[in-house]
Amino acid sequence: MTTAAPSLFPVPEARAGTGRRTAVDRPRWELPSLAGLLIATAVLLLWDLGSSGYANSFYSAAVQAGSESWKAFFFGSSDAGNSITVDKPPASLWPMMLSVRLFGLGSWQILVPQALMGVATTGVLYAAVRRQFGPGAGLLSGAAFALTPVAALMFRFNNPDALLTLLLTVTVYCVLRALDGARTRWLVWAGVAVGFAFLTKTLQAFVILPPLALLYAVCAPVRLRKRLGQLLLAGLAMVVAGGWWVAVVELWPASSRPYIGGSQNNSFLELTLGYNGLGRINGNETGSVGGGGRGGAGGGGGGGWGETGIDRLFSGNIGGQIAWLLPAALVLLVAGLLITWRARRATDSLEGMARAAFLAWGGSMLITAVVFSYMQGIFHEYYTVALAPFAAALIGMGAAVLWEERGGKAAAITLSGTLALTAVWSFVLLGRATGYLPWLRWAVLVGGLLAAAALPFAARAGRRALQATAALGVAAALAGPFAYCLTTVSTAHTGSIVTAGPAVAGSRGGPGGMMGGPGGPGGTGGFGERLQDGQGRQGGMPNGGRQGGGQQGGMPPQGAMPQGAMPQGGTAPGGMPQGGMPQGQGGAGAGRGGERFGGGGQGGPGGLLNGARVSAEAEKALTTDADEYTWAAAAIGSQNAASYQLASGVPVMPIGGFNGSDPSPTLEQFQKYVRDGKIHWFIGQNTGAGDAEGGMPGGGGRGGPGGPGGGTSTEIETWIKANFKESTVGGATFYDLTAPTAPTA
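Each position in the sequence shown, counted from 1, maps to that position plus 1 in this note's numbering.
Take a look at the structure:
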């Protein structure tokens with residue numbers, strides 16, 4: 002250490018070695034600045050939130066079902082008739098379900114809880130960083146997180162990643178509080194947070210456990226025996242918090258609960274360990290599409306999910322989601338560890354707690370980044386939101402430490418070099434979106450390099466010059482992601498595959514439509530099209546739906562297909578493009594205040610990722626005498642069923658779950674439902690096979706012959722077509738299951 006502890010951590014301490022600060026230690030500007038940060042985060046996340054409509058209608062349909070049925074609430078059922086669950090545990094759905102129960106069904110009611118989680122994550126991150134590094138570092142970390150483009154996206158969307166990110170941040174915070182004095186209570190709370198994170202997105206919650214558990218086992222300032230005992234208590238808390246729901250589901254008679262969506266044997270444990278677990282790592286995702294184990298172009302692996310490798314998070318469209326500050330975070334992690342390395346092992350000193358903080362946030366970031374970089378199963382750009390709080394914490398902590406050490410030559414050079422690296426990298430990322438704010442790229446580059454060059458000499462010119470130089474550097478570092486955030490919040494995001502910022506060649510999600518959907522080829526134009534009346538009117542983007550220089554209709558400049566969207570080899574087995582999809586935000590449809598939503602082409606059938614556009618005639622048919630049936634209708638694939646359910650407000654059975662490949666219900670079960678008069682209509686739609694979060698199609702489609710579902714969905718459809726009369730209702734094909742054409746039906 003080149004300076005004493007008070008110089009490195011300038012805020013006075015209430016008690017040496019605890020990291021605790023009293024109210025009198027707070028500078029006058031701290032609370033107003035914190036309030037401003039939280040309010041600004043809330044405004045960013047709530048701005049025009051209703052433009053995204055039901056966002057991912059797969060989860061919105063489950064929210065609607067849970068708001069009407071407590072059984073559907075507990076299990077996370079896709080419909081109030083409780084035929085099948087979503088393919089995730091239901092914890093992320095519970096806040097949205099409660100909101101809809103209280104305030105009614107609508108876009109804001111579904112998405113506001115997600116936005117509030119983003120504000121909460123910012124606050125927790127600020128509190129965690131401030132404890133050892135002061136309010137300035139906490140504010141910088143909070144701002145860096147709030148301005149991460151993928152965070153601005155996912156905390157305005159209804160996928161499970163919002164709650165997961167909040168809980169992972171809380172976990173690290175609790176571990177650091179536990180380390181500060183070896184307090185068992187905080188370690189137990191960390192276990193509880195991980196348990197609920199498991200109920201949010203299963204095994205992803207456990208990714209950060211190894212570095213955190215090892216850190217506590219080595220660094221907690223108590224005897225080894227007590228450390229191990231505390232870890233065992235935390236593990237028990239984790240098992241109880243995450244296992245109670247699993248135990249109930251596994252012990253509940255299968256005949257009286259919904260089928261576990263995404264599984265092939267109606268087992269949540271199978272879903273957890275396979276499709277949602279190890280299958281994501283090795284690509285062997287039974288019930289999905291086989292992941293990416295086939296290998297990608299260039300031998301990098303990854304198949305339809307992109308090439309795997311250490312550069313995955315920095316390449317293509319993924320870089321613009323999360324990687325703006327990742328190089329700086331890595332540099333600052335190394336610098337912070339070097340500066341605090343002389344501290345004792347135990348965390349009973351300020352330097353020891355600082356080093357523990359770098360290890361906790363840095364270890365969580367590195368292990369998550371490695372998993373994302375090399376997982377060969379289903380991978381989407383928005384998964385990277387889990388990295389955002391870890392990287393943001395390192396930015397605030399590392400900048401604070403180097404700022405206090407800037408009197409030394411090595412620290413000054415490192416700080417300036419990190420700023421220059423960030424400016425150059427932002428210049429590269431901004432250039433990936435053709436035609437996107439070209440003036441900003443150069444402003445960021447010039448401003449960042451000027452600040453980096455002036456920083457070592459600014460102190461000689463006085464305090465104001467130093468502050469102005471630092472402000473210029475921070476502005477240059479955050480300008481690029483801030484612009485991406487503004488583009489993100491001004492764009493409607495619907496469907497299953499979504500990305501932040503402008504359209505970038507090579508991405509599978511983003512503004513625009515899926516094949517045949519709004520904004521996609523053959524669609525009706527507009528990025529993230531708003532269907533205010535169910536008929537496809539009013540585009541969701543200003544200026545005719547253009548973004549980042551892309552052409553109207555969601556295509557890159559000159560109408561070119563995104564790189565990788567139609568590679569050599571043509572189409573996947575399911576009949577859809579391999580290696581990526583055109584921009585997908587116009588998929589499931591969007592609207593305001595719970596009006597009719599849909600996807601698919603104008604008047605055309607829905608698909609795996611889009612659902613179907615629902616006409617007034619179809620809605621009327623579904624709602625007529627709906628109270629006489631358990632399900633007003635059934636449709637193959639969850640997105641199709643969800644569109645009709647959300648439009649009509651009555652239960653619609655998703656045959657085969659999200660992919661149409663789950664063996665639920667069987668043909669015999671479905672025939673019994675029909676004989677018992679529980680289903681009124683069957684809606685014929687075109688579907689594929691994929692992932693509930695936007696999985697790529699393939700593997701036999703609709704669970705047909707050769708598909709993971711063993712043909713269950715196809716068997717049901719074939720039986721219906723042979724025994725019930727086809728009719729057209731509002732452009733969609735309906736079969737009245739109460740009026741068979743053959744006596745044997």
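Don't be surprised by glycine CBs; every beta carbon is placed ideally from N, CA and C. Keep in mind that this is a model prediction, so the values were computed, not measured.
In this structure, DSSP gives D677 a state outside helix and strand, which the three-state scheme calls coil.
Taking 8 Å as the upper bound for CB-CB distance, F199 and G243 are in contact here, some 4 Å apart. In the DSSP assignment, K726 falls outside any alpha helix (DSSP H) and within the unbroken beta strand (DSSP E) covering F725 to V730.
In the DSSP assignment, D162 falls within the alpha helix (DSSP H) that extends over D162 to L180. By the C-beta density criterion, Q468 is exposed, having fewer than 16 other C-beta atoms within 10 angstroms. A distance below 7 Å between beta-carbons, with the five flanking residues on each side excluded, links L388 to the following residues of its chain, in chain order: I323, M366, T369 and A370. Per DSSP, reduced to three states, the secondary structure at G685 is strand. Of the residues assessed, G105 falls on the exposed side of the cut-off, its CB having fewer than 16 other CB atoms within 10 angstroms. In summary, F458 is exposed, with fewer than 16 beta-carbon neighbours lying within 10 Å of its beta-carbon over all protein chains present. The straight-line gap separating the alpha-carbon atoms of T203 and G278 is approximately 7 Å. With contact defined as three or more Cβ pairs closer than 8 Å, the stretch 251 to 263 and the stretch 177 to 191 are not in contact.
Closest by C-alpha distance to R281, out of T309, A255, P254 and N267, is T309. Residues A63, G67, T86, V87, K89, P90, P91 and L94 of the same chain have their beta carbon placed closer than 8 Å to that of G77, with the five preceding and five following residues left out of the count. By the Cβ criterion, the stretch 157 to 173 is in contact with the stretch 490 to 505, since at least three pairs of Cβ atoms, one from each stretch, lie closer than 8 Å. Closest in C-alpha terms to L213, from the list R224, V223 and V195, comes V195. In the displayed model, D737 falls within a strand according to three-state DSSP. Nearest C-alpha to R27 among G230, A636 and G137: G137. Between G502 and Y485, the C-beta spacing is below 8 Å. By the neighbour-count criterion, in which a residue is buried when 16 or more other Cβ atoms sit within 10 angstroms of its Cβ, D677 is exposed.
A distance of 8 Å or more separates the beta carbons of T172 and L126. When the beta-carbon positions are compared, A466 and A421 stay at least 8 Å from each other. For I261, the secondary structure class from DSSP, reduced to helix, strand or coil, is coil. Cβ atoms of I684 and A636 come within 8 Å of each other, at about 4 Å.
Take V193, set aside five residues on each side of it, and the residues of its chain with a beta-carbon closer than 6 Å to its own are A238 and A242, in chain order. Relative to H494, the option among V101, S79 and S108 whose CA is nearest is S108.
For M376, there is no enclosing alpha helix (DSSP H), as DSSP marks it with neither H nor E.
Of the candidates L47, A163 and V189, the residue whose Cα lies closest to the Cα of T201 is A163. Per the C-alpha coordinates, the member of I396, V475 and T734 positioned closest to S616 is T734. Each residue's CA atom was taken as its position, placing V247 and F75 some 11 Å apart.
Between A128 and Y174, the CB-CB gap stays under 8 Å. With fewer than 16 other CB atoms across the displayed protein chains lying within 10 angstroms of its CB, A36 is exposed. Counting along the chain, P655 sits inside the beta strand (DSSP E) bounded by residues V653 to I656. An exposed status is given to I311, since fewer than 16 other beta-carbon atoms sit within 10 Å of its beta-carbon. Burial check for R224: the Cβ neighbour count within 10 Å stays below 16, so the residue is exposed. Counting along the chain, W632 sits inside the beta strand (DSSP E) bounded by residues W632 to I637. With contacts defined by Cβ atoms closer than 8 Å, S639 and F659 form a contacting pair.
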